[in-house]
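Asker: The sequence shown begins at 1 in the UniProt record's numbering and counts up one residue at a time.
Backbone N, C-alpha and C fix where the C-beta goes; we use that ideal spot for every residue, glycine too.
As the structure is a prediction and not an experimental result, all values here were calculated from the model.
Got a structure for you, written out below as structure tokens; questions coming shortly.
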Amino acid sequence: MRPRKELDRKHQIFNLKSNLRPRPKQYSISDLLLRFVMAGQSRKWMILVATIWIQAFTGTNFDFSAYSTEMKRVLGISQVQLNYLAVASDMGKAFGWSSGLALTYFPLWVVLFMAAFMGLFGYGIQWLVIRNVISLPYMLVFCLCLLAGCSICWFNTVCFVLCIKNFPANRALALSLTVSYNGVSAALYGLAGDAINASSSSLYLLLNSLVPLIISIAALVPILRQPPVDPLSPEAVRSDSIMFLLLNVLAVLTGVYLLIFGSNATDSTTARLLFGGAIFLLVFPLCVPGVVYARHWFHHTVHSSFQLGGSGFILVDDDDLELHKRLLSREASFNDRNGSLSDDASEYKMGSQKCIDEDSARCCEKMIGKDQLVILGEEHPAQVLVRRWDFWLYYVAYFCGGTIGLVYSNNLGQIAQSLGESSNTALLLTLYSSFSFFGRLLSAAPDYVRAKMYFARTGWLAIALLPTPIAFFLLAGLGNSMALRAGTALIGLSSGFIFAAAVSVTSELFGPNSVGVNHNILITNIPIGSLVYGVLAAIVYDANAGKGLKLSFADSVVCMGRQCYFLTFVWWGCLSILGLASSLLLFLRTKHAYDAFERNRALAEASQES
């Protein structure tokens with residue numbers, strides 16, 4: 001009996017120890033799904049941060065003014081020939097379609113590195129030329145500028161695809177945020193140049209060639225680990241919108257930091273500290289994935305025990321693409337009941353609005369009503385797009401607005417030199433870059449204030465064009481140091497808004513699925529404008545080189561005095577007024593379509609709530 005009792009007691013002790021031993025946690029299917037969703041959300045925000053890095057360091061065309069004077073001296077070329085090099089850099093945007101073609105054959109990360117190596121060779125060989133390591137004919141330098149400009153467009157395409165793919169419900173917010181960081185490139189490269197060697201203008205070319213490649217390597221892991229994209233609930237869309245709001249606040253802090261400290265470095269040590277602070281502000285958004293993961297964990301483990309009231313702060317509730325589809329279907333049913341207009345291209349309903357009372361119609365009403373856009377989101381292929389009045393009004397507004405601002409930044413080095421402000425070129429570049437950044441951030445305002453105050457995006461575009469003519473007439477009228485700084489800030493603010501808002505405007509007016517092709521057609525105005533406006537400025541510059549103070553370096557001539565750019569500023573100011581008038585006409589022609597879109601969106605939300 002004793003051995004039997006002893007054996008039973010040992011079994012009891014063994015079972016007790018087994019119960020006390022920690023066992024591996026068993027996860028339910030819902031727990032595993034939650035963990036998967038949290039990991040996907042975290043990776044999505046890491047991709048956004050990687051896109052911000054790419055944009056922040058690939059706006060390399062904005063620092064052309066920092067080394068253009070040295071390039072002119074080394075090559076021994078005239079102002080007109082120097083302008084052609086700036087045109088070549090902008091002409092790379094005309095080949096933006098090639099990046100979309102490459103994406104049909106290669107993965108996204110391969111296209112990213114193709115862009116990085118284009119910039120490496122384009123800017124790297126220019127650095128060797130400006131350092132007198134090698135000597136190249138002018139036409140080869142022109143081709144290098146073209147290659148470098150093309151790399152910028154390829155980087156932008158990669159960023160657009162990442163934002164649209166990973167943030168389908170908030171793509172407008174993602175695009176405006178990431179594109180805005182492209183405006184701080186000049187300020188960042190200025191700080192980096194001061195931290196390494198403030199006296200070397202050729203250093204910008206070396207940084208332009210190497211830094212984008214390094215950033216591409218850093219962004220490779222998030223791009224390779226993209227999460228699957230699932231439809232988001234209205235609550236998740238609101239949550240993402242609030243996250244975008246926080247990121248925009250952080251972006252504003254970054255812009256203010258660069259504006260205040262971007263050109264205040266007195267020595268290399270101070271510049272390194274300031275550059276380190278800028279890098280910290282760019283790395284800080286990496287905390288967002290951790291916040292997202294922690295918030296989901298808190299909601300799953302703690303929040304379920306409490307009842308918290310919902311916030312009344314509403315940003316963007318629904319996916320814009322879904323709203324476009326609802327609007328199209330509602331308009332289609334309305335037209336079926338009341339009789340819709342048809343034409344040869346019936347597949348693409350472009351019906352123009354007839355005048356109700358033709359006898360009392362005036363000329364301006366006919367201009368507004370002719371071939372008027374009826375609904376938003378309607379797909380326009382290229383052959384239909386170029387026959388639209390609205391497209392050409394939009395094209396002229398961009399051509400006489402944002403493009404002039406870009407050409408102004410390309411000539412900023414010579415403008416500062418002619419006014420005796422050569423020592424402040426870095427300050428002016430930082431000023432333009434920072435206010436361009438703020439303008440790009442402001443392009444997201446329509447999406448944030450839509451619930452409180454709805455206004456057509458084309459109306460915001462017209463408002464954004466107002467500072468440009470004011471700035472040019474200020475520069476022409478005063479021509480002093482304060483006017484130069486104020487004008488540079490206003491032009492940067494205006495052009496930055498236009499550059500960032502253009503993708504959303506193109507998507508809304510001419511269809512979200514055709515935005516890639518249509519936007520590349522739109523930005524063909526950039527190389528055309530760069531050529532026309534730049535040649536105009538160069539001819540005036542060279543013509544006045546012999547009238548005022550004339551300086552010669554090697555075979556190049558430097559013009560000094562207000563007269564060097566006075567007539568150019570007057571012409572640019574008049575052309576920007578033409579762009580403003582075109583944008584106002586576009587607003588009047590599209591206002592009713594935006595109003596109809598907003599009414600349908602409100603009806604769709606009301607039907608969902610009921």
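1. Kindly indicate the opening and closing residues of the alpha helix (DSSP H) around C564.
2. Helix, strand or coil: how does DSSP classify H592 here?
3. Using a threshold of 8 angstroms, state whether the C-beta atoms of F244 and L173 are closer than that.
4. Counting only the same chain and skipping the five closest in sequence on each side, list residues whose C-beta sits under 7 angstroms from that of S423.
5. Which term fits I214, buried or exposed, when burial requires 16 or more other beta carbons within 10 angstroms of its beta carbon?
6. Whole-angstrom Cβ separation of N520 and G96, contact assumed at under 8 angstroms?
7. What residue range does the alpha helix (DSSP H) around F160 cover?
8. Report yes or no: do three or more beta-carbon pairs, one from the region 484-493 and one from the region 423-441, lie closer than 8 angstroms?
9. Can you give the Cα-Cα distance for R108 and G401, rounded to whole angstroms?
10. Between S268, L273, E508 and T254, which lies nearest to L373 when the distance is taken from Cα to Cα?
11. Taking I47 and L177 to be in contact with their CB atoms under 8 angstroms, please state how far apart those CB atoms are, rounded to whole angstroms.
12. Start and end of the alpha helix (DSSP H) containing Y67?
13. Classify S342 as helix, strand or coil using the three-state DSSP reduction.
14. Run through DSSP, which three-state label would L551 get?
15. V515 and V503: beta carbons closer than 8 angstroms?
16. How would you write the range of the alpha helix (DSSP H) that M91 sits in, first residue to last?
17. So what's M453 in DSSP terms, helix, strand or just coil?
18. Check whether the region 62-72 and the region 184-191 are in contact - that is, three or more C-beta pairs closer than 8 angstroms.
19. Helix, strand or coil for S443? Go by DSSP, reduced to three states.
20. Nearest to F597 by CA position, among G119, A456, D240 and S201, is which residue?
21. Among V396, V449, G487 and A501, which has the Cα closest to the Cα of S443?
22. Is the beta carbon of L205 sitting closer than 8 angstroms to the one on Q79?
23. Cβ of A50 within 8 angstroms of Cβ of V184?
24. Between A462 and F587, is the Cβ-Cβ spacing less than 8 angstroms?
25. Let's see if you can read the secondary structure: which residues bound the alpha helix (DSSP H) around I223?
26. Looking at I54 and F155, is the spacing between their C-beta atoms short of 8 angstroms?
27. Quick one: residues in its chain with C-beta nearer than 8 angstroms to the C-beta of A483, no 5 flanking neighbours on either side, listed in chain order?
28. If we call anything under 8 angstroms between Cβ atoms a contact, is N83 one with V535?
29. Among residues of its own chain, excluding the 5 on either side of N518, which ones have a beta-carbon nearer than 6 angstroms to its beta-carbon?
30. Could you pull out every residue in the same chain whose Cβ sits closer than 6 angstroms to the Cβ of G92, ignoring the five residues on either side in sequence?
31. By how many angstroms is the C-alpha of Y138 removed from the C-alpha of residue 618?
32. Nearest-angstrom Cα distance between L281 and G496?
33. Does G492 come out as helix, strand or coil in the three-state DSSP assignment?
34. Which of the three DSSP states is assigned to C400 in this structure?
35. From V211 to Q81, what does the alpha carbon distance come to, in whole angstroms?
Answerer: Let me lay it out:
1. Position 564 of the sequence shown holds residue 564. Looking at the DSSP string, C564 is not in any alpha helix (DSSP H), and its letter there is neither H nor E.
2. Taking the first residue of the sequence shown as 1, we reach residue 592 at position 592. Correct three-state label for H592: helix.
3. Translated into positions along the sequence shown, residue 244 becomes position 244. Translated into positions along the sequence shown, residue 173 becomes position 173. Closer than 8 angstroms, so yes.
4. To locate residue 423, count along the sequence shown from 1; it is residue 423. The answer is none, since no qualifying residue turns up.
5. Taking the first residue of the sequence shown as 1, we reach residue 214 at position 214. It is exposed - the Cβ of I214 has fewer than 16 other Cβ atoms within 10 Å.
6. Start at 1 with the first residue of the sequence shown, and residue 520 comes out as number 520. Start at 1 with the first residue of the sequence shown, and residue 96 comes out as number 96. Confirmed, about 4 angstroms.
7. Your numbering for residue 160 matches position 160 in the sequence shown. Looking at the DSSP string, the run of the alpha helix (DSSP H) that includes F160 is Y138 to N166.
8. yes
9. On the sequence shown, residue 108 is found 108 positions in, with the first residue counted as 1. On the sequence shown, residue 401 is found 401 positions in, with the first residue counted as 1. Looking at the sequence provided, one finds Leu at residue 108 rather than Arg. Their backbone Cα atoms lie some 32 angstroms apart in a straight line.
10. In the sequence shown, the residue the question calls residue 373 occupies position 373. The shortest C-alpha separation from L373 is found at E508.
11. The residue labelled residue 47 in the question sits at position 47 within the sequence shown. The residue labelled residue 177 in the question sits at position 177 within the sequence shown. I47 to L177, Cβ: 13 angstroms. No contact.
12. Position 67 of the sequence shown, counting from 1, holds the residue named residue 67. Its alpha helix (DSSP H) spans residues F64 to L75.
13. Start at 1 with the first residue of the sequence shown, and residue 342 comes out as number 342. In this predicted model, S342 has a pLDDT of only 39, less than 50, meaning its place in the structure is not dependable enough to derive any value.
14. Residue 551 sits at position 551 when you count from the first residue of the sequence shown. Bear in mind that a pLDDT of 49 at L551, under 50, signals an unreliable position, so the number given afterwards is only what the model happens to contain. Strand, per DSSP.
15. The residue you call residue 515 lines up with position 515 of the sequence shown. The residue you call residue 503 lines up with position 503 of the sequence shown. In contact: V515 and V503 (Cβ atoms closer than 8 angstroms).
16. As a working mapping, residue 91 is identified with position 91 in the sequence shown. Q79 to M91 is the extent of the alpha helix (DSSP H) around M91.
17. In the sequence shown, the residue the question calls residue 453 occupies position 453. If DSSP states are grouped into helix, strand and coil, M453 belongs with coil.
18. yes
19. Numbered from its first residue, the sequence shown carries residue 443 at position 443. Coil at S443, not helix or strand.
20. Position 597 of the sequence shown holds residue 597. The residue with the shortest Cα to Cα distance from F597 is A456.
21. As a first step, residue 443 must be located in the sequence shown, where it is residue number 443. Ranking the options by Cα distance to S443, first place goes to A501.
22. Residue 205 sits at position 205 when you count from the first residue of the sequence shown. Residue 79 sits at position 79 when you count from the first residue of the sequence shown. In this structure, Q79 does not lie closer than 8 angstroms to L205 by Cβ.
23. Within the sequence shown, numbered from 1, the residue matching residue 50 stands at position 50. Within the sequence shown, numbered from 1, the residue matching residue 184 stands at position 184. Not closer than 8 angstroms, so no.
24. The residue you call residue 462 lines up with position 462 of the sequence shown. The residue you call residue 587 lines up with position 587 of the sequence shown. In contact: A462 and F587 (Cβ atoms closer than 8 angstroms).
25. Position 223 of the sequence shown, counted from the first residue, corresponds to residue 223. That run of the alpha helix (DSSP H) goes L220 to L224.
26. Indexing the sequence shown from 1 puts residue 155 at position 155. Indexing the sequence shown from 1 puts residue 54 at position 54. For F155 and I54, yes; Cβs fall inside 8 angstroms.
27. One-based indexing of the sequence shown puts residue 483 at position 483. Closer than 8 angstroms at the Cβ level, and outside the excluded window around A483, lie L474, L475 and G477.
28. Within the sequence shown, numbered from 1, the residue matching residue 83 stands at position 83. Within the sequence shown, numbered from 1, the residue matching residue 535 stands at position 535. Yes; because the gap between Cβ atoms is below 8 angstroms, this pair is in contact.
29. Reading the sequence shown from its first residue, position 518 is the one you call residue 518. Closer than 6 angstroms at Cβ, skipping near neighbours: L385, T506 and F510.
30. As a first step, residue 92 is located in the sequence shown; it is residue number 92 there, counting from the start. Excluding residues within five positions, the ones whose Cβ falls inside 6 angstroms are L146, G149, C150 and C153.
31. With the chain represented from 1 up to 610, any question about residue 618 goes unanswered, as that position is not in the structure.
32. Counting from 1 along the sequence shown, the entry for residue 281 is found at position 281. Counting from 1 along the sequence shown, the entry for residue 496 is found at position 496. So the two alpha carbons sit approximately 21 angstroms from each other.
33. Position 492 of the sequence shown, counted from the start, is the residue given in the question as residue 492. If DSSP states are grouped into helix, strand and coil, G492 belongs with the helices.
34. Working through the sequence shown from its first residue, we reach residue 400 at position 400. Of the three classes helix, strand and coil, the one that applies to C400 here is coil, per DSSP.
35. As a working note, residue 211 is residue 211 in the sequence shown. As a working note, residue 81 is residue 81 in the sequence shown. Rounded to the nearest angstrom, the two C-alpha atoms are 28 angstroms apart.
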